[in-house]
Amino acid sequence: ARRHAAGRATVTLRQSSGRVVLTVCDNGPGVPAELRERIFEPFYRLPGATERDGGVGLGLALVQSIVQRHGGTVRCEGHAASGACFVVNLPQYPSVSTSKSA
Numbered sequence: 001a002r003r004h005a006a007g008r009a010t011v012t013l014r015q016s017s018g019r020v021v022l023t024v025c026d027n028g029p030g031v032p033a034e035l036r037e038r039i040f041e042p043f044y045r046l047p048g049a050t051e052r053d054g055g056v057g058l059g060l061a062l063v064q065s066i067v068q069r070h071g072g073t074v075r076c077e078g079h080a081a082s083g084a085c086f087v088v089n090l091p092q093y094p095s096v097s098t099s100k101s102a
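See below:
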């Protein structure tokens, strides 16, 4: 989000019904609604992206793969003002105790 945002990114983390929801929103150019699923495909880049912008279209595909392996989902949404929001939804696992009982 930082590289593609025009300036500001907001990160929020919350719990909801046994899940953890991480949201990253920016005020960049956004992602057209019809492309919000395609951007998670390996090597897909938005129209108009140039080689000098950097990246090869793997970052979001990797994010999706990692999130899915942990039992979660990731999606891209439009932002109210401008930009995009990426929402990662993961199961909330109980904390693991590191203390040993005698």
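Under our numbering, the letters of the sequence shown match residues 1 to 102, in that order.
Note that CB positions come from ideal geometry on N, CA and C, so glycine has one too.
Bear in mind the structure is a predicted one, so any value in this text is a computation, not a measurement.
With DSSP collapsed to three states, give me the class of R38.
Reduced to three states, the DSSP call for R38 is helix.
Would you check if the segment 8 to 25 and the segment 36 to 46 touch, i.e. whether three or more CB-CB distances between them fall below 8 Å?
Contact fails: fewer than three Cβ-Cβ distances are below 8 Å.
Return yes when the Cβ of N27 is within less than 8 Å of the Cβ of G71, no when it is not.
Not a contact, by the Cβ cut-off of 8 Å.
Using only alpha-carbon positions, find the residue among H79, P29, A9 and F86 that is nearest to G59.
The shortest CA-to-CA distance from G59 to any of H79, P29, A9 and F86 is the one to F86.
What did DSSP end up calling L62 once you bin it into helix, strand or coil?
In this structure, L62 counts as helix in the three-state DSSP scheme.
6 Å Cβ shell around I66 - same chain, five flanking residues per side excluded:
Same-chain partners within the cutoff: there are none.
Using only the alpha-carbon positions, how far apart do V56 and E77 sit?
So the alpha carbons of these two residues sit roughly 22 Å apart.
Sort L22, R8, L90 and T10 by Cα distance to Q68 and report the nearest one.
Put simply, of L22, R8, L90 and T10 the residue whose alpha carbon is nearest the alpha carbon of Q68 is L90.
Under three-state DSSP, which class holds G18?
DSSP places G18 in the coil class of the three-state scheme, outside both helix and strand.
When we look at the beta-carbon of V11 and count the other beta-carbons within 10 Å, is it buried (16 or more) or exposed?
By the 16-neighbour rule on beta-carbons within 10 angstroms, V11 is exposed.
Considering only residues of the same chain and omitting the five flanking positions on each side of V64, which have a CB-CB separation below 6 Å?
Per the sequence presented here, residue 64 reads as Gln, with Val not at that position. Non-local C-beta neighbours of Q64 in its own chain, meaning closer than 6 Å and more than five positions away in sequence, comprise F40 and V74, ordered along the chain.
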